[in-house]
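Peer 1:
Protein chains: 6
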Amino acid sequence: MRPSKRRPDQLRSVQITRHYTRHAEGSVLIECGDTRIICTASVDEKVPLFLRGKGQGWLTAEYGMLPRSTNERMQREAAKGKQSGRTMEIQRLIGRALRSVMDLTKLGERTIQVDCDVIQADGGTRTASITGAFVAVHDAIGTLLRKQAIEATPITGHVAAVSVGVYEGVPMLDLDYLEDSRCDTDMNIVMTDDLGLVEMQGTAEGMPFSRNDLDMMLDLAQQGIRELIAAQKNALNR
Amino acid sequence: MRPSKRRPDQLRSVQITRHYTRHAEGSVLIECGDTRIICTASVDEKVPLFLRGKGQGWLTAEYGMLPRSTNERMQREAAKGKQSGRTMEIQRLIGRALRSVMDLTKLGERTIQVDCDVIQADGGTRTASITGAFVAVHDAIGTLLRKQAIEATPITGHVAAVSVGVYEGVPMLDLDYLEDSRCDTDMNIVMTDDLGLVEMQGTAEGMPFSRNDLDMMLDLAQQGIRELIAAQKNALNR
Amino acid sequence: MRPSKRRPDQLRSVQITRHYTRHAEGSVLIECGDTRIICTASVDEKVPLFLRGKGQGWLTAEYGMLPRSTNERMQREAAKGKQSGRTMEIQRLIGRALRSVMDLTKLGERTIQVDCDVIQADGGTRTASITGAFVAVHDAIGTLLRKQAIEATPITGHVAAVSVGVYEGVPMLDLDYLEDSRCDTDMNIVMTDDLGLVEMQGTAEGMPFSRNDLDMMLDLAQQGIRELIAAQKNALNR
Amino acid sequence: MRPSKRRPDQLRSVQITRHYTRHAEGSVLIECGDTRIICTASVDEKVPLFLRGKGQGWLTAEYGMLPRSTNERMQREAAKGKQSGRTMEIQRLIGRALRSVMDLTKLGERTIQVDCDVIQADGGTRTASITGAFVAVHDAIGTLLRKQAIEATPITGHVAAVSVGVYEGVPMLDLDYLEDSRCDTDMNIVMTDDLGLVEMQGTAEGMPFSRNDLDMMLDLAQQGIRELIAAQKNALNR
Amino acid sequence: MRPSKRRPDQLRSVQITRHYTRHAEGSVLIECGDTRIICTASVDEKVPLFLRGKGQGWLTAEYGMLPRSTNERMQREAAKGKQSGRTMEIQRLIGRALRSVMDLTKLGERTIQVDCDVIQADGGTRTASITGAFVAVHDAIGTLLRKQAIEATPITGHVAAVSVGVYEGVPMLDLDYLEDSRCDTDMNIVMTDDLGLVEMQGTAEGMPFSRNDLDMMLDLAQQGIRELIAAQKNALNR
Amino acid sequence: MRPSKRRPDQLRSVQITRHYTRHAEGSVLIECGDTRIICTASVDEKVPLFLRGKGQGWLTAEYGMLPRSTNERMQREAAKGKQSGRTMEIQRLIGRALRSVMDLTKLGERTIQVDCDVIQADGGTRTASITGAFVAVHDAIGTLLRKQAIEATPITGHVAAVSVGVYEGVPMLDLDYLEDSRCDTDMNIVMTDDLGLVEMQGTAEGMPFSRNDLDMMLDLAQQGIRELIAAQKNALNR
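Chains as they are written, first to last, in the numbering used here: chain A, 122 to 359; chain B, 122 to 359; chain C, 122 to 359; chain D, 122 to 359; chain E, 122 to 359; chain F, 122 to 359.
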């Protein structure tokens, strides 16, 4: 049995709260078990230099953790004066994942700036960031549509992410911190609503994993993504 | 009448939620109107170099704003690679204010690290940080007392802070963002529960202010601080 | 009796030397007792981005200390690669204080860049910087008037600053380093020549201070500011 | 047909030159087609702080590109003052991949510091870095064994890496720059000599990829890794 | 006898390999004994701000060492986040030396960006960088001439550099690392092909040197420069 | 005739004021014509890591310019967050020059930290820094001798520095800013009182210089150094 007492294929409970803060065009609190992240999507009426004049938009993401979102207080990155490699890796992943369901030519010359800030961490912050940020982006696009700043939505489908892993030889879905820190393999999967693979990043922390392990993990991920996209749709319909 | 429709001497509604996040020894969400700040107090079992071996503790504070806590998205300080002068000024103020009610010799050689992170900003973030952080520190000290790491509380009294200002010639209590950006004088007052002055920082944004204005602002501040300390006590008794 | 042997209401001797260095439009050496600061005002024929095209000017200030201006050598901020929080706080204060007596719409689209560099420190460097920099700005404006770059002076009055404190229970004017490091309360007051309050920043280092202490400190400050503005006028008439 | 005229399952020609530079304990030039990388392994007789006193060793990696290793000159990271997110991501990957075949308890309290510096880039620099660095590490360990600094090798197997992708709908092995920049999916696979998966990082640049695509890519990768490990063994036997 | 067994006036063997890497307009590997440096010259179709619109070009240089190009691994400057004073000093020297034989008005509004990256160091890296970079610049200019981007070559002559020193009282040419670290005086000389002096930088590491020592060192340098320029010409004729 | 109306072999007037500021163990204002520099020498009772436990001392130097010491205001290096290549080059030169007349084994395990801060610049700031800093170091050593912290002076002789150049074909001594910016060759010479050469750094800004030019420049430098060392001795005898 896993430390969290969940079944191997059991997701943590997910809550997606829209309009969580007041200023952003899209603002979502996502809670996956004890992991809590504020995801905002801000509209910036310009594009980065490399896209200027090309008639298309951009989406980019930043990620941060409150210093005491974790069990041991981490040093504040703003005070240290630089973002860690882990932070950079995660924010690049979030950006790529969200762009995979955006037709940026329909956005016009503007940028959707996503911010994912972890209030409380219990594993899976990068995947929850993607799942939550999709809803925030959806709301920001909704604002643009209502203002008639764009004619059609650039969003081409849903995208969500979940972690899977091999814990004591058994493939498992949606690892919390304790499970993650003890597992042999840790993999993050990003999928669209038609179950196309957008990103997969797997690391064998201890033993290498086999292609059979991989298949079982992908089965679990597929099921988890389906539930997470259902939760996104649910939240967007409220 | 002021933009917020409040009376000149009327504080915004204050909510202090303890145990807001799970990991920190003290964790508080303070809400003053639309201003929402997470204040955590973490215990670090060492002191900075300049105090090592002196048999006393230390308390220090850091402050940050989520990029989209404000109306316009601000650049993330971690991404920019440095904290602004404003951030540094505020975190130094929070640290001094909280140390004013701490007998650090009773803390032992450990540091209370305070983090104030603004989730949503509507004026008065530095004063709300102080008011909320006091409660988080109180809870962190409580943890140390329960673990018998210290014998007696180092806390010597309550401390809270509030802003006052002169808006269209009339002194007013607890300015929100709109009031703050239009007022002539903006002053932040930090006081203890016996109404001793700990910090005062006043700036004439437009016209200089007179000693008479100052007196009226101090009267308002005194009343506001009383109410805020009552809210702190209330929260600590729950 | 105070360590400096001065009476509680006695300012240190003040010397203001204009045209101290050759290149700047305004260049002043101010000496307050053993505190010696070079204040220069440079004219830059452009404004920061946020003011471009608005038909008004700007004034900004920077502050630094020579590494061995103090008793213990401080690390050079340029070598460390960042300015301390204290430095940032002081230079923001100097800028605000000087802007309080400038009608920036009369300056045209140019910036007055003030630099205050402490050659020797003995307490009160931020207040002496303000008092000295005012004269440097006055000279820089004089250059612009003589060149007919502007038609009328943007300067609307004098501004000067002084510290006050409570030392062993007695309010005192213009603390030197020794007095400052032992006092209970330390307050910096910035006033105009009609004794309007522009900035006040008070900190209780030990015991909180009362409103009665505050009143006595303000009386002292008022008297000190009057003498400092007389010294400015004296220097400007030479 | 692919731009490089290779068959879909055809690796670029691989050259591994040992003892390429004189100072490092292990120094390898790896050439995969036009991609050329110097990989060195240096022995440092201490471990990072977090491992001090734990009786085990560490392996860490850094990665860089000469500014004109690419078609367009890139800004020198040392001059810019920071490493890009891409650089950090790659060097973290190289370190994890190499540690997967190291029993660090057999290394003693020392660190193997790997440096991978790209002299000329034509796609696949991160995977070639891993393949080449393994040989450099092997040589550095050889030095320690010959000096009898360690008793048994900490190396538990071979590790190598290769890229695979989907180019115009067809899965392909070992993409060069041109192929990489036009392909729909780009995946980097790290495997051991018993074909255990150590890392997989796949990104759909255009269309999401299916599990069937993934299977075909893994088949290709498996074959490529076999050939690369044969090349490593070949080089180590010379 | 000197540690390297060479005669006092004997240069190390020099190899200049053109077209060493594929992307740069000029790319040279220079080997002086065990010192090996990749020198590239890249053409950038713009000039720095201070030259914009002046109808002339610019040439600038950067210098770096691979972390393990030296006997002890050096910290990577990109990871440290800043270039050392030594690095800055060397790259400024390389730029000045190369500009001394360039008529920048004939280059048009473009910049030649030189990069000198030390693959293996054994003394004399800054002088070998200059000698090698000249050839790379020559090739980059050749590219511009062939493309008819410029009409006439901006190159006005050859430039090369060599070190001389006083080792155990005897002036010697072209010091390797061992000789350099033990010598009393270390001097770098940059000369044109008509033996005009462009740069000389001499440092007495131990005893000061006399004008007689200086004369003997200059005689040696003159001879060395002649041989190095012959090697440049040789390489350019191949 | 030269712009400054001086004869080719005429030094600017030199003033060396000791005890210029109060806190440093040695504090000197040196004025060479309009160039004015504060040179302080501070005693630090420890040595850098690389010398710890070796029973010898160290001397190091830092250099800075006040932002408006020059005709155009320069950006403050502390605000920019890094020192320029020029600054680093100069402070390394000052350190080497002063160490050339120090027997560091007689200093004990302490560091002399030299700071040269340019108050007003008119050419020759690096050479004046060396000449002035020698006197400050002499005073700091005097303090150590008086306190009997050391038994014998580590100072082995005088050191001073001067610039020479070729201006319109004529070698000249001690260039001011105007002369320096128009001259063909600019050379800085550091010599001891027995006229041993410690450093020479010459750059042909326009035409290369000949060995004959060099000889004439060295004759001028020799004479200038003699006068500067006489001024140092004079100041030290007052």
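Ideal Cβ placement from N, Cα and C applies to all residues, glycine included.
Quick caveat, the model's predicted, so the values are computed rather than measured.
For chain F, is any of its Cβ atoms less than 7 Å away from the one on E124 (chain C)?
Peer 2: Start at 1 with the first residue of the third sequence, and residue 124 (chain C) comes out as number 3. Reading off the sequence, residue 124 (chain C) comes out as Pro, not Glu. So, not an interface residue.
Peer 1: Examine chain D for any beta-carbon lying closer than 7 Å to the beta-carbon of L294 (chain E), and answer yes or no.
Peer 2: Here residue 294 (chain E) refers to the residue found at position 173 of the fifth sequence. So, not an interface residue.
Peer 1: Name the chain D residues whose beta carbon is nearer than 8 Å to that of F330 (chain A)?
Peer 2: Within the first sequence, numbered from 1, the residue matching residue 330 (chain A) stands at position 209. Under the 8 Å cutoff, chain D gives G317, L318.
Peer 1: Is the beta carbon of Q136 (chain B) closer than 7 Å to that of S190 (chain B)?
Peer 2: One-based indexing of the second sequence puts residue 190 (chain B) at position 69. One-based indexing of the second sequence puts residue 136 (chain B) at position 15. In this structure, S190 (chain B) sits away from Q136 (chain B), with a CB-CB distance that is not shorter than 7 Å.
Peer 1: Run through the DSSP bridge pairs and tell me what G323 (chain E) is partnered with.
Peer 2: In the fifth sequence, the residue the question calls residue 323 (chain E) occupies position 202. E:M308, F:M321.
Peer 1: So the candidates are B:R143, B:P329, B:A162; which of them puts its Cα closest to the Cα of D155 (chain A)?
Peer 2: The residue labelled residue 155 (chain A) in the question sits at position 34 within the first sequence. Nearest of B:R143, B:P329, B:A162 to D155 (chain A), Cα basis: B:R143.
Peer 1: Note down the Cα distance separating A166 (chain E) from R217 (chain E), rounded to an integer number of angstroms.
Peer 2: Here the question's residue 166 (chain E) lines up with position 45 in the fifth sequence. Here the question's residue 217 (chain E) lines up with position 96 in the fifth sequence. The sequence shown places Glu at residue 166 (chain E), not Ala. Roughly 20 Å separates the two Cα atoms.
Peer 1: Tell me which same chain residues have a C-beta within less than 8 Å of the C-beta of D315 (chain B), skipping the five on either side of it?
Peer 2: Translated into the one-based positions of the second sequence, residue 315 (chain B) becomes position 194. Same-chain partners within the cutoff: G278.
Peer 1: Please classify G174 (chain E) as buried or exposed, where buried requires at least 16 other C-beta atoms within 10 Å of its C-beta.
Peer 2: In the fifth sequence, counting from the first residue as 1, residue 174 (chain E) sits at position 53. Exposed, since its Cβ has fewer than 16 Cβ neighbours within 10 Å.
Peer 1: L339 (chain D) touches chain A at which residues, Cβ-Cβ below 7 Å?
Peer 2: Residue 339 (chain D) sits at position 218 when you count from the first residue of the fourth sequence. By Cβ distance, chain A contributes R332.
Peer 1: Select from the stretch 229 to 241 of chain A all residues with a C-beta closer than 9 Å to any C-beta belonging to chain B, and list them in chain order.
Peer 2: Q234, D236, D238, I240, Q241
Peer 1: What are the boundary residues of the alpha helix (DSSP H) that G253 (chain E) is part of?
Peer 2: For the purposes of this step, residue 253 (chain E) is identified with residue 132 of the fifth sequence, where counting begins at 1. Element bounds for G253 (chain E): 246 to 267.
Peer 1: Spell out the partners DSSP gives V287 (chain F) in its beta bridges.
Peer 2: Here residue 287 (chain F) refers to the residue found at position 166 of the sixth sequence. Note: V287 (chain F) sits in a beta bridge opposite F:P292, F:T306.
Peer 1: Would you call the CB atoms of G185 (chain B) and D260 (chain B) closer than 7 Å?
Peer 2: Locating residue 185 (chain B) in the second sequence gives position 64, where the first residue counts as 1. Locating residue 260 (chain B) in the second sequence gives position 139, where the first residue counts as 1. Going by C-beta atoms, G185 (chain B) is not nearer than 7 Å to D260 (chain B).
Peer 1: Exposed or buried, P169 (chain D), counting other C-beta atoms within 10 Å across all chains shown (16 or more means buried)?
Peer 2: Against the fourth sequence, residue 169 (chain D) aligns to sequence position 48. By the neighbour-count rule (16 or more Cβ atoms within 10 Å), P169 (chain D) is not buried but exposed.
Peer 1: What distance in whole Å lies between the Cβ atoms of A257 (chain D) and A162 (chain D), which are believed to be in contact at a cut-off of 8 Å?
Peer 2: Along the fourth sequence, read from residue 1 onward, the residue named residue 162 (chain D) stands at position 41. Along the fourth sequence, read from residue 1 onward, the residue named residue 257 (chain D) stands at position 136. Sure, about 4 Å apart at Cβ, within 8 Å.
Peer 1: Smallest Cα separation from P129 (chain D): which of D:S221, D:P275, D:D297?
Peer 2: Your numbering for residue 129 (chain D) matches position 8 in the fourth sequence. Residue D:D297 is the option with its Cα nearest to P129 (chain D).
Peer 1: In chain D, which residues lie less than 8 Å from G245 (chain A) when you measure between Cβ atoms?
Peer 2: Reading the first sequence from its first residue, position 124 is the one you call residue 245 (chain A). Residues of chain D passing the Cβ test: none, with the nearest at roughly 18 Å.
Peer 1: Verify the CB distance criterion: does E210 (chain D) have a CB-CB separation below 7 Å to chain A?
Peer 2: The residue given as residue 210 (chain D) occupies position 89 in the fourth sequence. Yes, E210 (chain D) lies at the interface with chain A (some Cβ there is under 7 Å from its Cβ).
Peer 1: At 9 Å on the CB atoms, spell out the chain B contacts of E183 (chain A), in chain order.
Peer 2: On the first sequence, residue 183 (chain A) is found 62 positions in, with the first residue counted as 1. Here the neighbours are P188, R197, A199, A200.
Peer 1: Hey, quick one: how far does the beta strand (DSSP E) through T181 (chain D) stretch, first residue to last?
Peer 2: Translated into the one-based positions of the fourth sequence, residue 181 (chain D) becomes position 60. Boundaries of the beta strand (DSSP E) harbouring T181 (chain D): 179 to 186, taken from the DSSP string.
Peer 1: Among A:S205, A:M223, A:A182, whose alpha-carbon lies nearest the alpha-carbon of I215 (chain A)?
Peer 2: Position 94 of the first sequence, counted from the start, is the residue given in the question as residue 215 (chain A). It is A:A182 whose Cα lies nearest to the Cα of I215 (chain A).
Peer 1: Using 8 Å as the cut-off, can you tell me whether the stretch 194 to 206 of chain D makes contact with the stretch 306 to 314 of chain D, which would need three or more C-beta pairs spanning the two stretches below that distance?
Peer 2: no
Peer 1: Let me know the secondary structure DSSP gives G202 (chain E) once reduced to three states.
Peer 2: Residue 202 (chain E) sits at position 81 when you count from the first residue of the fifth sequence. In the structure shown, G202 (chain E) sits in coil (DSSP, three-state: anything other than H, G, I, E or B).
Peer 1: Leaving out the 5 sequence neighbours to the left and right, which residues in its chain are closer than 6 Å to K227 (chain C) when beta-carbon positions are compared?
Peer 2: Here residue 227 (chain C) refers to the residue found at position 106 of the third sequence. Here the set comprises A273, P275.
Peer 1: If distances are taken between C-alpha atoms only, which option among B:V149, B:R127, B:C153 comes closest to S134 (chain B)?
Peer 2: In the second sequence, counting from the first residue as 1, residue 134 (chain B) sits at position 13. S134 (chain B) has its Cα closest to that of B:C153, out of B:V149, B:R127, B:C153.
Peer 1: Buried or exposed: where does G327 (chain D) fall if 16 or more other Cβ atoms within 10 Å of its Cβ makes it buried?
Peer 2: In the fourth sequence, the residue the question calls residue 327 (chain D) occupies position 206. Under this definition G327 (chain D) is an exposed residue.
Peer 1: Could you spell out where the beta strand (DSSP E) holding G147 (chain B) opens and where it closes?
Peer 2: What you label residue 147 (chain B) is simply residue 26 of the second sequence in a count that begins at 1. Segment 147 to 153, the beta strand (DSSP E) holding G147 (chain B).
Peer 1: Compare the Cα-Cα distances from G263 (chain F) to each of F:S302, F:S148, F:E198, F:I159 and report the closest residue.
Peer 2: Indexing the sixth sequence from 1 puts residue 263 (chain F) at position 142. Looking from the CA of G263 (chain F), the closest CA among F:S302, F:S148, F:E198, F:I159 belongs to F:S148.
Peer 1: What is the rounded straight-line gap between the Cα of L335 (chain F) and the Cα of G290 (chain F)?
Peer 2: Residue 335 (chain F) sits at position 214 when you count from the first residue of the sixth sequence. Residue 290 (chain F) sits at position 169 when you count from the first residue of the sixth sequence. Looking at the backbone, the Cα of L335 (chain F) and that of G290 (chain F) are separated by about 12 Å.
Peer 1: For L266 (chain C), I'd like the list of residues in its chain whose CB is within less than 7 Å of its CB, leaving aside the five on either flank, ordered along the chain.
Peer 2: Reading the third sequence from its first residue, position 145 is the one you call residue 266 (chain C). For L266 (chain C), where only same-chain residues beyond five positions count, the Cβ hits under 7 Å are T274.
Peer 1: For M321 (chain F), collect the residues of the same chain with a Cβ closer than 6 Å to its Cβ; drop the 5 residues on either side in sequence, then sort them by chain order.
Peer 2: As a working mapping, residue 321 (chain F) is identified with position 200 in the sixth sequence. Result list for M321 (chain F): I310, in chain order.
Peer 1: Got a sec: is the Cβ-Cβ distance from T324 (chain C) to anything in chain B below 7 Å?
Peer 2: By 1-based counting over the third sequence, the position of residue 324 (chain C) is 203. Answer yes: the Cβ-Cβ gap between T324 (chain C) and chain B drops below 7 Å somewhere.
Peer 1: Residues of chain F with CB closer than 9 Å to the CB of L299 (chain E), please, in chain order.
Peer 2: Taking the fifth sequence and counting its residues from 1, the one referred to as residue 299 (chain E) is at position 178. Those within 9 Å of L299 (chain E) in chain F number zero; the least Cβ separation is about 20 Å.
Peer 1: How far does the alpha helix (DSSP H) with Q344 (chain F) in it extend, from its first residue to its last?
Peer 2: Translated into the one-based positions of the sixth sequence, residue 344 (chain F) becomes position 223. Unbroken alpha helix (DSSP H) run through Q344 (chain F): 332 to 358.
Peer 1: Looking only at DSSP bridge pairs, what is T142 (chain B) linked to?
Peer 2: To locate residue 142 (chain B), count along the second sequence from 1; it is residue 21. Note: T142 (chain B) sits in no beta bridge, so no partner.
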